[in-house]
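**Q**
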């Protein structure tokens, strides 16, 4: 093997090693200026957190939802909070009640909307942005929130993909790639120096959850920004 070939192989190995270390960053955040996609201004993150009567979407129901729209740089654009009276409150799981403090009387006293009114409000809110922007559904344990939102929309003749990109962002997965090996909200919050989400069921809502998610996302952006070393990535965005 020639000396030139050996040098070429070593160069490839060094480049591969650099790329391997950079992958979590490249996959994580669209916002750092050195990684900016050509169409980044058309993208918005929709941070959603839901409270429900239990864990099984389709049997248990959505009872509130916090929605915060941000730029990919984490700047808040708009927000919405919906409190919704479920059609089947008798299906309430005791574990869910302990988390969110749901009761029919309490929801009535808080002027909860019926489900159809809630769906209409969510539809109108999302349509303000989905017409001109690519919306990316973002959540903490995204599968849970996505399932309930998808079922809620479908039950009112609305489709998830009318509003959202087919790819979603899961905050714990993003945090894992940045070194936070905990899967709990408190553990991840501690890693990034973010206050934990409120636990009091009388105060804990989808609104507080979405606000926590945004704070966590912003903290991850700050960590990435502090570790940038001038790496410039070029290429076509193929979404």
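Numbering (my numbering), first residue to last: 2 to 240. Just so it is clear, CB atoms sit at the ideal spot from N, CA and C, and this is done for glycine as well.
Whole angstroms are fine: how far does the CA of residue 111 sit from the CA of residue 30?
**A** Indexing the chain shown from 1 puts residue 30 at position 29. Indexing the chain shown from 1 puts residue 111 at position 110. Interpretation of residue 30 is limited by its pLDDT of 46, a score under 50 that renders its predicted location unreliable; the figure taken from the coordinates is listed afterwards. Approximately 37 Å between the Cα atoms of the pair.
**Q** With a CB to CB cut of under 6 Å and the five nearest residues on each side skipped, what residues in its chain are close to residue 143?
**A** To locate residue 143, count along the chain shown from 1; it is residue 142. Correct list, in chain order: 169, 171.
**Q** Please confirm whether residue 103 and residue 138 have their CB atoms less than 8 Å apart.
**A** By one-based count along the chain shown, residue 103 stands at place 102. By one-based count along the chain shown, residue 138 stands at place 137. No, the Cβ-Cβ distance between residue 103 and residue 138 is not below 8 Å.
**Q** Which two residues bound the contiguous alpha helix (DSSP H) that contains residue 225?
**A** On the chain shown, residue 225 is found 224 positions in, with the first residue counted as 1. 207-228 is the extent of the alpha helix (DSSP H) around residue 225.
**Q** Counting only runs that start and end within the region 153-207, where is the alpha helix (DSSP H) found for 4 or more residues in a row?
**A** Listed in chain order, the complete alpha helix (DSSP H) runs (minimum 4 residues) inside the region 153-207 are 161-164, 172-178, 186-193.
**Q** DSSP three-state call for residue 94: helix, strand or coil?
**A** Walking along the chain shown from the start, residue 94 turns up at place 93. The answer is coil: DSSP assigns residue 94 none of H, G, I, E or B.
**Q** Any idea which residues DSSP pairs residue 79 with across the strands?
**A** In the chain shown, residue 79 corresponds to position 78, counting from 1. Residue 79 pairs with 70.
**Q** Which whole-angstrom value describes the C-beta separation of residue 70 and residue 45, a residue pair presumed to lie in contact below a C-beta threshold of 8 Å?
**A** In the chain shown, the residue the question calls residue 70 occupies position 69. In the chain shown, the residue the question calls residue 45 occupies position 44. Their Cβ separation, rounded to whole angstroms, is 5 Å, which keeps residue 70 and residue 45 in contact under 8 Å.
**Q** Buried or exposed: residue 117, going by 16 or more other Cβ atoms within 10 Å of its Cβ?
**A** Taking the first residue of the chain shown as 1, we reach residue 117 at position 116. By the 10 Å Cβ count, residue 117 comes out exposed.
**Q** CB residue 58 to CB residue 84, shorter than 8 Å?
**A** Here the question's residue 58 lines up with position 57 in the chain shown. Here the question's residue 84 lines up with position 83 in the chain shown. In this structure, residue 84 does not lie closer than 8 Å to residue 58 by Cβ.
**Q** Using the Cβ count rule (16 or more neighbours within 10 Å means buried), how would you classify residue 88?
**A** The residue given as residue 88 occupies position 87 in the chain shown. Under this definition residue 88 is an exposed residue.
**Q** Pull up the CB-CB distance for residue 141 and residue 150, whole angstroms please, since I reckon it's below 8 Å.
**A** Residue numbering aside, residue 141 sits at position 140 when the chain shown is read from its first letter. Residue numbering aside, residue 150 sits at position 149 when the chain shown is read from its first letter. Going by Cβ atoms, the distance from residue 141 to residue 150 rounds to 14 Å, so no, they are not a contact pair.
**Q** Please identify the residue among 225, 81, 119 whose C-alpha is closest to the C-alpha of residue 193.
**A** The residue labelled residue 193 in the question sits at position 192 within the chain shown. Closest by alpha carbon: 225.
**Q** What is the rounded straight-line gap between the Cα of residue 228 and the Cα of residue 210?
**A** If you number the chain shown from 1, residue 228 lands on position 227. If you number the chain shown from 1, residue 210 lands on position 209. Cα-Cα distance, rounded: 27 Å.
**Q** On the DSSP letters alone, give me the boundaries of the beta strand (DSSP E) that residue 113 sits inside.
**A** Within the chain shown, residue 113 is the residue found at index 112, counting from 1. Taken as a continuous stretch (DSSP letters only), residue 113 belongs to no beta strand (DSSP E), as it is neither H nor E.
**Q** Give the straight-line distance between the Cα atoms of residue 98 and residue 91, rounded to the nearest whole angstrom.
**A** Indexing the chain shown from 1 puts residue 98 at position 97. Indexing the chain shown from 1 puts residue 91 at position 90. About 12 Å.
**Q** When we look at the beta-carbon of residue 163 and count the other beta-carbons within 10 Å, is it buried (16 or more) or exposed?
**A** Residue numbering aside, residue 163 sits at position 162 when the chain shown is read from its first letter. Classification of residue 163: exposed, given that the 10 Å Cβ count is below 16.
**Q** Between residue 73 and residue 81, what straight-line distance do the alpha-carbon atoms span, to the nearest angstrom?
**A** For the purposes of this step, residue 73 is taken as residue 72 along the chain shown, with counting starting at 1. For the purposes of this step, residue 81 is taken as residue 80 along the chain shown, with counting starting at 1. Using only the alpha carbons, I get a separation of about 18 Å.
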